[in-house]
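Q:
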Amino acid sequence: MLKGQGLLSLWNGVDPRRRDEYNLWHTREHVPERLAVPGMMRARRYHRGNGPLPEFLTLYELESNAVLSSAPYRALLENPTPWSQSMRPSFRGFFRVGHLAVSSQGGGIGSALMATTFDEASVPAGAWEELAGRALRETAATAIHVLKKDPLVAPVPFTVPSAGGASYADSGAIMIECHDRSRLDEIAGMIDPALDAEGLAPARAAWTGYDLAYSLDRDELTVVVPASRPEV
57 MLKGQGLLSL WNGVDPRRRD EYNLWHTREH VPERLAVPGM MRARRYHRGN GPLPEFLTLY
117 ELESNAVLSS APYRALLENP TPWSQSMRPS FRGFFRVGHL AVSSQGGGIG SALMATTFDE
177 ASVPAGAWEE LAGRALRETA ATAIHVLKKD PLVAPVPFTV PSAGGASYAD SGAIMIECHD
237 RSRLDEIAGM IDPALDAEGL APARAAWTGY DLAYSLDRDE LTVVVPASRP EV
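For the sequence shown, the working numbering puts the final residue at 288, and the numbers step up evenly by one.
(1) Which residue marks the beginning of the alpha helix (DSSP H) containing Q141, and which one marks its end?
(2) Which of the three DSSP states is assigned to S146 in this structure?
(3) Determine, using beta-carbon pairs with one atom in the stretch 116-124 and one in the stretch 95-108, whether at least three such pairs fall under 8 Å.
(4) Among the residues of its own chain, which have a CB less than 6 Å from the CB of E111, if the five just before and after it don't count?
(5) With DSSP as the reference, label N135 as helix, strand or coil.
(6) Taking one C-beta from the stretch 142-150 and one from the stretch 193-206 each time, how about it: are there three or more such pairs within less than 8 Å?
(7) Terminal residues of the continuous beta strand (DSSP E) containing M170?
(8) Closer than 8 Å is the cut-off here; do at least three beta carbon pairs connect the stretch 259-266 with the stretch 167-175?
(9) V158 and L203 - do their beta-carbons sit closer together than 9 Å?
(10) Could you pull the start and end residues of the alpha helix (DSSP H) that D241 belongs to?
(11) For a quick check, are the C-beta atoms of L156 and L115 less than 9 Å apart?
(12) Between which two residues does the beta strand (DSSP E) holding N79 run?
(13) Classify R73 as buried or exposed, calling it buried when 16 or more other Cβ atoms lie within 10 Å of its own Cβ.
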């Protein structure tokens, strides 16, 4: 299950010339900086996206989405470090959604995840709970999260290159974790017919598969060693 009551999901690509720098910055400066905000509980970065969604997916698990309107968090958005400010123009296909869980089942953090977005997630939770429970019992899935957009989460106060697909930013999402990326197609083969049979997640995007690149809990912040910005 996801920690807390809120979730921030961010998708983006990055200028290939800065991919290594992006991973270093995100791991050693950006994620620890965000997790220092009260109410931030855990962060994960997924990479090597294979599908229609951008290549990186970052998840911040929150005590509640009120964290995203708090003064400490807004101060970070409005006063980026020099390294963060330099990275923003290198983003590609960026979009960001404050999410609420319609259903979140399973435990642990899988080494792989597949995600899809869709137009509407306001289906009674019971329908999702039953389907997710079946998928967890019958496939290699380790956790399933069905998410709807939280309309109270404000957009970021800066501009970065957009995804070019506005439907993503206004959508719900399904995220399915697994212990092995090679099993994702098998899981999709079970869950897609079940979704269609129940009329759930209509007009959803094709699945995008990801590998887990990094995960950090708030209580690990004291042992993170910061990295210097590479010389340009």
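For glycine and all other residues, C-beta sits at the position ideal for the given N, C-alpha and C.
A: For this structure:
(1) P138 to M143
(2) The answer is helix: DSSP assigns S146 an H, G or I state.
(3) Result yes; three or more Cβ-Cβ pairs closer than 8 Å.
(4) G69 and G105
(5) coil
(6) no
(7) A168 to F174
(8) yes
(9) yes
(10) L240 to E254
(11) no
(12) Segment R75 to W81 is the alpha helix (DSSP H) holding N79; no beta strand (DSSP E) there.
(13) exposed
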